[in-house]
Amino acid sequence: MKDMNISTARLTIRPLALKDLADFHCYRSNPEVTKYQGFDVFTLQQAKQFIEENATKQFGKPGEWVQYGIENTDTGYLIGDCALRLDQYDSRVAEIGITISHLEQQKGYAKEVIGGVLTFLFDVQQIHRVVVIVDAENTAAIHLFTSLAFRLEGHFVENVFFKGKWGSEFQFAMLQREWDSRA
Numbered sequence: 001m002k003d004m005n006i007s008t009a010r011l012t013i014r015p016l017a018l019k020d021l022a023d024f025h026c027y028r029s030n031p032e033v034t035k036y037q038g039f040d041v042f043t044l045q046q047a048k049q050f051i052e053e054n055a056t057k058q059f060g061k062p063g064e065w066v067q068y069g070i071e072n073t074d075t076g077y078l079i080g081d082c083a084l085r086l087d088q089y090d091s092r093v094a095e096i097g098i099t100i101s102h103l104e105q106q107k108g109y110a111k112e113v114i115g116g117v118l119t120f121l122f123d124v125q126q127i128h129r130v131v132v133i134v135d136a137e138n139t140a141a142i143h144l145f146t147s148l149a150f151r152l153e154g155h156f157v158e159n160v161f162f163k164g165k166w167g168s169e170f171q172f173a174m175l176q177r178e179w180d181s182r183a
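According to UniProt numbering, the residues represented by the sequence shown are 1 to 183, in order.
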């Protein structure tokens, strides 16, 4: 499969690199940014190790998450990252996730990134279905995926023990035909 390198109006979605370490650590070490994520705050060493390990991965291996940097094209700064993985049992199904720096939120970047990623997955990779799992308390992410016409498929109540307590999640999804029929 083709690796992902996407340009949108303001952003470049590309493989993470060690040059991103300072920006990556800045937001990945912020408890407000990691509050609803499946990871906790990163130390500088953990951030460096994550980038190095991620560099050995390439999109297309079923079951394996690959993280991509989100670079502001004008400034060259990393403003977040997004993750993709193909389903372990059916590579026509993909799951996505996104993290935007606390310094760059509420600027429409997340919506722009997801639009670019969906174009890649549906139009280039011919993926059948894209799924996203969102913490039930993460109202910003719920609004994001609802505004992008993702369908709410499930509400899992206290289904995951997460950061010392039971958490609930929503599952959203979109099919390729739903993407193709958008206005």
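Where a beta carbon is used, it is the ideal one built from N, C-alpha and C, also for glycine. Remember, predicted model here, so these are calculated numbers, not experimental data.
Are the Cβ atoms of residue 14 and residue 109 separated by less than 9 Å?
The residue labelled residue 14 in the question sits at position 14 within the sequence shown. The residue labelled residue 109 in the question sits at position 109 within the sequence shown. Judged by their CB atoms, residue 14 and residue 109 are not nearer to each other than the 9 Å cut-off.
So residue 175 is in the beta strand (DSSP E); what residue range does that whole segment cover?
Here residue 175 refers to the residue found at position 175 when the sequence shown is read from its first residue. Per DSSP, residue 175 belongs to the beta strand (DSSP E) from 165-175.
So, are the CB atoms of residue 153 and residue 167 less than 9 Å apart?
Residue numbering aside, residue 153 sits at position 153 when the sequence shown is read from its first letter. Residue numbering aside, residue 167 sits at position 167 when the sequence shown is read from its first letter. Contact flag unset, no.
For residue 21, which residues in the same chain have their Cβ closer than 8 Å to its Cβ, ignoring the five residues on either side in sequence?
One-based indexing of the sequence shown puts residue 21 at position 21. Around residue 21: 44, 47, 48 and 51.
If you run the structure through DSSP and keep just helix, strand and coil, what is residue 55?
By one-based count along the sequence shown, residue 55 stands at place 55. Note: residue 55 maps to coil in three-state DSSP.
Delimiting residues of the beta strand (DSSP E) encompassing residue 94:
Working through the sequence shown from its first residue, we reach residue 94 at position 94. Here the beta strand (DSSP E) through residue 94 covers 93-100.
Hey, quick one: how far does the beta strand (DSSP E) through residue 155 stretch, first residue to last?
In the sequence shown, the residue the question calls residue 155 occupies position 155. For residue 155, the enclosing beta strand (DSSP E) has its first and last residue at 151-162.
Of the residues 6, 19 and 142, the one placed nearest residue 55, counting alpha carbons only
Numbered from its first residue, the sequence shown carries residue 55 at position 55. The candidate whose alpha carbon is nearest that of residue 55 is 19.
Between the Cα of residue 98 and those of 39, 177 and 163, spot the shortest distance and give me the residue it belongs to.
Position 98 of the sequence shown holds residue 98. The shortest C-alpha separation from residue 98 is found at 39.
Just checking my contact of residue 173 with residue 130 at CB under 8 Å: how many whole Å lie between their CB atoms?
For the purposes of this step, residue 173 is taken as the residue at position 173 of the sequence shown. For the purposes of this step, residue 130 is taken as the residue at position 130 of the sequence shown. Contact check for residue 173 and residue 130: beta-carbon distance about 7 Å, within the 8 Å limit, so the pair qualifies.
What does the Cβ neighbour count give for residue 143, buried or exposed, with the cut at 16 atoms within 10 Å?
Locating residue 143 in the sequence shown gives position 143, counting from the first residue. Here residue 143 is exposed. Its C-beta has fewer than 16 other C-beta atoms within 10 Å.
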